[in-house]
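Structure, as structure tokens:
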Amino acid sequence: MSQITVFEAKKIVTMDPNRSAATHVAIREGKILAVGGAECGDQWGDVIHDKTLSHAVLTPGFVEGHAHMMAGAMWRYAYAGYHDRIDPKGKLWTGMRDIDAVVDGLTEFEGTLAKDEPLVGWGFDPIFLSSERLSAKHLDQISTDRPVAIMFSNFHLMCVNSKALEMAGYDEGTNAEGVVKGPDGKPTGELQEMAAMFPIMRRLGIDFRGLSQTPEAIDDYGEVAQRAGVTTITDLFSSIEDDDLAIMLKITSKSDFPLRIVPVLGAMGTPSEVADRAETLAKSSSDKLRLGAVKLMTDGSIQGWTARVKWPHYVGGHPNGIWNTPPEQIFALCAEMQKRGIQMHIHVNGDEAAEASIDAIEAALRLHPGQGHRHVLQHCQMMGRDLYERAFELGCCANIFSNHIWYFGDQHAALTIGQDRAERMNAARTALDIGVNIALHSDAPVTPLGPLFTAWCAVNRQTMTGKTLGAAQCISVDEALYAITMGAAYTLKLDSEIGSIEAGKTADFAVLGDDPTAVDPMSLKDVPVLGTVSGGVVHLL
Amino acid sequence: MNRLPLTVIGGYLGAGKTTLINRLLAEGHGQRVLVMVNDFGAINIDAALLTSSSEDTLELSNGCVCCTMGADLFMAVGDVLDRPKRPDHLVIEASGIADPARIAQVALAEPDLSYGGVISVVDALNFDALSRDVQIGAQVRGQVDVADLILVSKTQNGALPTALGLPKAPVLDLALIDDVAPLILGATLGQAPKPTAEIHPAYVAWSGTGEPSTRTALQSKLDNRPKGLMRFKGFVQGIDGSDFEVHCVGLSVSIKPARNVQNTQVVGIGPKGRIDAKTLEAWWHGD
């Protein structure tokens, strides 16, 4: 008979309506045996009482339903973003509010590099800086003999210094689109889109493949998650070659690995090839690695004006966005996945993309009727009442990008879709009122991983300038906490195993310094995360 | 190592990109071409031509290789450039939704690549309807707008889609073309000059030598090249030790620095009836 451990906590918020609060949880074989008071485990045999967590509040481990594995390994590069962020090791990187701060911050980082190492930064976002554009002239202040490349937060642009320009052979004679030139005819250092960035990335050894699915990247993902109270996370658009799978299985099966990863296969190739691969991968699933679902891309992003949006389209006359998968292919993929019983996560930022995807799911269900598919619409930023009604009718879930309200809400109102539609963006209230199962997400590393912050966004709908964007769409703290635990678990078809603290489920907890249900809702994001418990194993920071 | 020419083949789903690639791979053009495709399953090679095949690569007895590009197109291009022996030409099949110019731009940016142009394939049966489609029309038209050469597939009695209008890029009916390789790859340099030789009965090929030139003079000459010159490439000796490598495809001109060019040598190609060697000769040696 295995050991029974009873953990005491200041409070346990269970997300189980049968016993919504408790003080003790009994664990055996990594699973929850009983929940209640100090004696809750006694009827199951001899117990050991453990006070390691007695100072903390426990909630179910948070579930991040939309993130990317590079969120951990990005920190190999220097952070150059506008907002404060904390890296996997717990170090605070102060946000850089103007170009001088970027130069100062990176100059300090430059001192820590080996002689031959290039300086690579990430996270820079010009949408927040009203001053002049970042250029080689600024980056030359950091170094003139070491190549410097700063990747922007959208991954579509970078800025490099003169040394890097020279290495790529960029000069007055270069006539490639995307190599931006100044009034003097010389490259400014700004490079737009992959074709122009490629010669730099090749010469500086910048490899985004290497930021996913290497042992280090998987461990980093574990650390980032632990720091955010997350015990189950997705990697939503994964290529998953056989070598990658072997590495992921090896790392995630370590007894002290603190995270369950749900890599979702990117739908690249013909529908039947994608379905075949998803079925093969599903057979390799383990406790900490769950495979078998697929991700469809449809449109781009709203802040990049590449999302497909319905009339009246974008303010300022920007042309409508682009399809990354043409509608007819979305229909073909939906039909094949529905036929084969494969769950889909479908990226839909703009409302036109959401509508096309819902049309495609409806058509697929007419061809291949079947309950329980739980296809998930991801981002759902512009879905209104009409589309949520249809999502509900079809049995779809919605994973809502609430972080956008704070990070880009002001920009959406002023520069992308205008005030009216910005106020009804990420409409969690509407979705819940209609009865759609929702989750809330960060899309890390696009915005930082932190479900409590994401919940705070959905509850308060504050923008960076302190405005409330669409008060009618605010949800309660309880609803938001449910969405980041049970709601997200449901979207991954893991709600029978995780998402609440109740007998029979896996012992996955977030270990918090305060009670998120008792603090002022405006302080929800400030509740300290002390660590996690994953499969009964305690991982304090 | 040699600069690797890159040609991108674009066009919407079902336009005929794969058919074009199947034709290219089967033709006897004598070049070691590496083709990266989206839909590997649709590649159809006569078994007699295959020397090996695996899950993601086909090797042909004529030296050509066809492979899948994997998850990251640009990384795959980097891998080709890093091979100990580069192929003679790289051809990439863009996805049916992609803007092929976004891929081809890398050949202008990357010093180790040379610009082999964007060829967009248009399906005569469906293009008119597709280009009017409210959801996808703008992207479909965009693929044609960026093309250096437009190849029309599935024509009936030579009728071109009316929605094509009068594009600036040359338009050719694939039904009238026996060999596609000269259009996709151009003529080969470095072989013994074959004055006014015809590399194929349907094409006129011309090779020239000439006086050293400045970059400005070269640019101006290329800007005024005769219509009907589909492809033009070569090495041009500069006057102050700065030499050039030149690639023109359809409307595009790319001039990159080159080293140690001993003699200017250029080759051009175009469809017979639209261009002749005399015109080319007069243009190259004229003022």
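Protein sequences appear in the order of chains B and D. In terms of numbering that gives the first Met the number 0, the first sequence has 54 at position 55, counting the first letter as 1, and numbering is strictly consecutive. In terms of numbering that gives the first Met the number 0, the second sequence has 192 at position 193, counting the first letter as 1, and numbering is strictly consecutive. C-beta: ideal position from N, C-alpha, C; glycine also. Source: prediction; values computed, not measured.
Which same chain residues end up closer than 7 Å to residue i when comparing Cβ atoms and leaving out the 5 residues on each side of it in sequence?
i, result
"Tyr169 of chain B", "Val178 and Pro186"
"Glu28 of chain B", "Ser1"
"Leu210 of chain B", "Met69, Ala72, Met73 and Ala216"
"Leu529 of chain B", "Ala55, Val510, Leu511, Gly512, Leu539 and Leu540"
"His372 of chain B", "Gln337, Gln342 and Gly394"
"Pro450 of chain B", "Phe61, Glu63, Ala227, Gly228, Val229 and Ile483"
"Gln30 of chain D", "Asp87, His88, Leu184 and Thr187"
Using the three-state DSSP reduction, which class does residue i fall into: helix, strand or coil?
i, result
"Trp304 of chain B", "coil"
"Ser1 of chain B", "coil"
"Phe39 of chain D", "helix"
"Ile85 of chain B", "strand"
"Phe126 of chain D", "helix"
"Ala194 of chain B", "helix"
"Arg2 of chain D", "coil"
"Leu182 of chain D", "helix"
"Ala93 of chain D", "coil"
"Ser161 of chain B", "helix"
"Glu28 of chain B", "coil"
"Asp49 of chain B", "strand"
"Asn541 of chain B", "Since the first and last residues shown for chain B are 0 and 540, residue 541 of chain B lies out of range."
"Asp55 of chain D", "coil"
"His312 of chain B", "coil"
"Arg276 of chain B", "helix"
Count the other C-beta atoms from every protein chain shown that fall within 10 angstroms of the C-beta of residue i, then say buried if there are 16 or more, exposed otherwise.
i, result
"Thr505 of chain B", "buried"
"Pro146 of chain B", "buried"
"Arg258 of chain D", "exposed"
"Val34 of chain D", "buried"
"Asp222 of chain D", "exposed"
"Ile321 of chain B", "buried"
"Gly40 of chain B", "buried"
"Asn323 of chain B", "buried"
"Asp385 of chain B", "exposed"
"Leu523 of chain B", "buried"
"Leu175 of chain D", "exposed"
"Gly349 of chain B", "buried"
"Trp205 of chain D", "buried"
"Thr111 of chain B", "exposed"
"Ala470 of chain B", "exposed"
"Ala355 of chain B", "buried"
"Ile135 of chain D", "buried"
"Pro83 of chain D", "exposed"
"Ile238 of chain D", "exposed"
Which residues share a DSSP beta bridge with residue i?
i, result
"Gly233 of chain D", "D:Val245 and D:Val265"
"Gly207 of chain D", "D:Val265"
"Gln461 of chain B", "B:Thr467"
"Thr531 of chain B", "B:Ala509 and B:His538"
"Gly35 of chain B", "B:His23"
"Pro262 of chain B", "B:Asp234"
"Gln377 of chain B", "B:His346 and B:Asn398"
For residue i, I'd like the list of residues in its chain whose CB is within less than 6 Å of its CB, leaving aside the five on either flank, ordered along the chain.
i, result
"Ala103 of chain D", "Val7 and Val117"
"Asp507 of chain B", "Gly60, Thr230, Ile497 and Ser533"
"Arg230 of chain D", "Gly185, Val248 and Ile268"
"Ile217 of chain B", "Ile250"
"Ala623 of chain B", "The structure shown does not extend to residue 623 of chain B, since chain B is modelled only from 0 to 540, so the question has no answer here."
"Lys255 of chain D", "Glu244"
"Phe391 of chain B", "Ile433, Gly434 and Val435"
"Gly95 of chain D", "Tyr11 and Leu12"
"Thr106 of chain B", "Ile141"
"Thr195 of chain D", "Residue placement at Thr195 of chain D is flagged as unreliable, the pLDDT there being 39, under the threshold of 50; the coordinate-derived value follows with that caveat. Within the same chain, Thr195 of chain D has close Cβ partners Ala276."
"Gly369 of chain B", "none"
Which same chain residues, not among the five before or five after residue i, have their C-beta less than 8 Å away from its C-beta?
i, result
"Ala37 of chain B", "Val5, Glu7, Thr22, His23 and His48"
Taking 6 Å as the cut-off, is the beta-carbon of residue i closer than that to any non-hydrogen atom of the ligand ATP?
i, result
"Gly60 of chain B", "For the ligand ATP, the structure offers nothing, since it holds no ligand at all."
**Message:** Give me the subset of the segment 144–160 of chain D whose CB atoms are less than 8 Å from a CB atom of chain B, sorted by chain position.
**Reply:** none
**Asked** Closer than 7 Å, Cβ to any Cβ of chain B: which residues of the segment 108–124 of chain D, in chain order?
**Response** Ala108, Glu109 and Pro110
**Asked** What residues in the segment 49–82 of chain D have a beta carbon less than 7 Å from any beta carbon of chain B?
**Response** For the segment 49–82 of chain D, the beta-carbon criterion of a distance under 7 Å to any beta-carbon of chain B is satisfied by Ala70, Asp71, Phe73, Met74 and Gly77.
**Members of the segment 28–45 of chain D that neighbour chain B once the beta carbon cut-off is set at 9 Å** = Cβ contacts with chain B come from Asn37, Asp38, Phe39, Gly40 and Ala41.
**Item:** the segment 320–336 of chain B: positions lying closer than 9 Å to chain D by Cβ
**Value:** Ile321, Trp322, Asn323, Thr324, Pro325, Pro326, Glu327 and Gln328
**Request:** Pull out every residue of the segment 192–217 of chain B whose Cβ sits closer than 7 Å to any Cβ of chain D, in chain order.
**Result:** Glu192, Met193, Ala194, Ala195, Phe197, Pro198, Arg201 and Arg208
**Asked** Given a limit of 8 Å on CB to CB distance, which residues of the segment 264–294 of chain B reach chain D?
**Response** Of all residues in the segment 264–294 of chain B, Gly265, Met267, Gly268, Thr269 and Glu272 have a Cβ within less than 8 Å of some Cβ in chain D.
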